[in-house]
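First the structure, in the form of structure tokens, and then the observations on it.
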Amino acid sequence: MTMPQVKRVLLKLSGEVLMGEQEYGIDPAYVVRLAEEVKAAKDSGLEVCLVIGGGNIFRGVAGAARGLDRTTGDYMGMLATVMNALAMQNALEKLGVQTRVQSAIPMSSVCEPYIRRRAERHLQKGRIVIFAAGTGNPFFTTDTGAALRAAEMNCDALLKGTSVDGVYSADPKTNPDATRYDTITYDRVLADNLKVMDAAAVALCRENDIPIVVFSIREKGNVARVLEGNGVQTIVQDPENKEA
1 MTMPQVKRVL
11 LKLSGEVLMG
21 EQEYGIDPAY
31 VVRLAEEVKA
41 AKDSGLEVCL
51 VIGGGNIFRG
61 VAGAARGLDR
71 TTGDYMGMLA
81 TVMNALAMQN
91 ALEKLGVQTR
101 VQSAIPMSSV
111 CEPYIRRRAE
121 RHLQKGRIVI
131 FAAGTGNPFF
141 TTDTGAALRA
151 AEMNCDALLK
161 GTSVDGVYSA
171 DPKTNPDATR
181 YDTITYDRVL
191 ADNLKVMDAA
201 AVALCRENDI
211 PIVVFSIREK
221 GNVARVLEGN
231 GVQTIVQDPE
241 NKEA
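Numbering (the working numbering), first residue to last: 1 to 244.
See below:
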């Protein structure tokens with residue numbers, strides 16, 4: 001299965017990957033390694049947007065399970081994504097990559113507010129744009145925020161870098177018999193409740209014909225390999241959009 005032809009992509013990273021081998025927080029050395037991967041994608045001629053989750057610092061659903069109000073927990077999680085975005089911006093700019101952070105929750109002292117036309121201009125000028133604070137609303141995940149920004153920015157694909165190398169029929173960490181898919185449709189993902197992204201994100205990508213490419217970000221150099229069509233990944237898209 002080959003990658004669709006792309007010019008502009010949105011790379012969604014889970015917050016957990018910024019932990020490296022730690023149990024919590026941000027590992028600066030690992031952030032630099034990820035930044036090098038993002039820079040390599042940009043240097044290949046692509047226009048790149050980023051969305052980073054906040055689960056390495058705070059997860060709203062987990063906070064709600066422990067008795068915290070869900071709305072409050074989600075806002076706290078959004079603030080965590082801003083922290084991760086700033087860490088990634090710092091790492092990218094140390095590599096000489098011009099970067100802008102735009103937050104769905106205005107905080108002008110540390111980053112720009114999200115303005116689509118301004119983000120479009122940044123991309124045209126060769127900058128990487130990191131979208132933070134999800135959609136700016138509680139009860140929506142950063143996956144949904146990534147799908148929304150990918151649609152708004154007319155991205156050709158949404159790349160989701162995770163800890164596993166694709167979409168499986170079950171959790172491969174707990175079920176050794178789980179089957180990995182090379183390609184799968186949006187409808188199958190939703191019908192089988194496969195944990196690729198949340199249902200709202202998958203549906204949004206389906207409605208806007210944005211392929212979702214799921215791959216392991218923990219394997220060094222994998223972003224470039226996936227974009228070249230040589231890496232191991234699962235592509236979620238409708239059958240009529242598949243390329244041999």
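Yeah, the Cβ is synthetic: ideal placement off N, Cα and C, and Gly gets one too.
Distance check for Asn-90 and Leu-148, CA to CA, integer angstroms please. Here residue 148 refers to the residue found at position 148 when the sequence shown is read from its first residue. Here residue 90 refers to the residue found at position 90 when the sequence shown is read from its first residue. Rounded to the nearest angstrom, the two C-alpha atoms are 25 angstroms apart.
Report the three-state DSSP secondary structure of Tyr-181 (helix, strand or coil). For the purposes of this step, residue 181 is taken as the residue at position 181 of the sequence shown. Here Tyr-181 sits in strand by DSSP.
Please tell me whether Thr-72 and Ile-52 are closer than 9 angstroms, where the distance is taken between their beta carbons. For this step, residue 72 is matched to residue 72 along the sequence shown. For this step, residue 52 is matched to residue 52 along the sequence shown. No, Cβ-Cβ distance for Thr-72 and Ile-52 is not below 9 angstroms.
By the 10 Å Cβ neighbour count, where 16 or more other Cβ atoms means buried, how is Gly-67 classified, buried or exposed? To locate residue 67, count along the sequence shown from 1; it is residue 67. Gly-67 comes out exposed.
Tell me where the alpha helix (DSSP H) around Ala-35 begins and ends. In the sequence shown, residue 35 corresponds to position 35, counting from 1. Note, Ala-35: alpha helix (DSSP H), 28 to 43.
Validate contact between the region 130 to 141 and the region 184 to 192 using beta carbons, cut 8 angstroms, 3 pairs: no
Val-223, enclosing alpha helix (DSSP H) - first and last residue: Reading the sequence shown from its first residue, position 223 is the one you call residue 223. That run of the alpha helix (DSSP H) goes 222 to 228.
Who are Arg-100's beta bridge partners in DSSP? If you number the sequence shown from 1, residue 100 lands on position 100. Looking at the DSSP assignment, Arg-100 forms a beta bridge with Val-129.
Just the Cα atoms here: how many angstroms apart are Thr-179 and Gly-166? Numbered from its first residue, the sequence shown carries residue 179 at position 179. Numbered from its first residue, the sequence shown carries residue 166 at position 166. Going from the Cα of Thr-179 to the Cα of Gly-166 covers about 10 angstroms.
Compute the beta-carbon to beta-carbon distance between Met-88 and Leu-50, rounded to the nearest angstrom, for a pair I have assumed lies under 8 angstroms. Numbered from its first residue, the sequence shown carries residue 88 at position 88. Numbered from its first residue, the sequence shown carries residue 50 at position 50. The Cβ separation is near 7 angstroms, so the contact holds.
For the region 52 to 85, list the alpha helix (DSSP H) runs that are entirely contained and at least 4 residues long, ordered along the chain. 60 to 65
For Ile-217, is the classification buried or exposed, using 16 other Cβ atoms within 10 angstroms of its Cβ as the cut-off for buried? Residue 217 sits at position 217 when you count from the first residue of the sequence shown. Ile-217 comes out buried.
Using the beta-carbon count (16 or more within 10 Å), is Ser-109 buried or exposed? Translated into the one-based positions of the sequence shown, residue 109 becomes position 109. Burial call: exposed.
How many angstroms separate the CA atom of Ala-201 from the CA atom of Gly-96? By 1-based counting over the sequence shown, the position of residue 201 is 201. By 1-based counting over the sequence shown, the position of residue 96 is 96. Whole-angstrom Cα-Cα distance: 32 angstroms.
Alpha carbon to alpha carbon, what distance is there between Gly-161 and Phe-215? The residue given as residue 215 occupies position 215 in the sequence shown. The residue given as residue 161 occupies position 161 in the sequence shown. Their backbone Cα atoms lie some 5 angstroms apart in a straight line.
First through last residue of the beta strand (DSSP E) which encompasses Thr-162: Here residue 162 is taken as the residue at index 162 of the sequence shown, counted from 1. 157 to 162 is the extent of the beta strand (DSSP E) around Thr-162.
With 16 as the cutoff for other CB atoms within 10 Å, does Ser-163 come out buried or exposed? Reading the sequence shown from its first residue, position 163 is the one you call residue 163. So Ser-163 counts as exposed.
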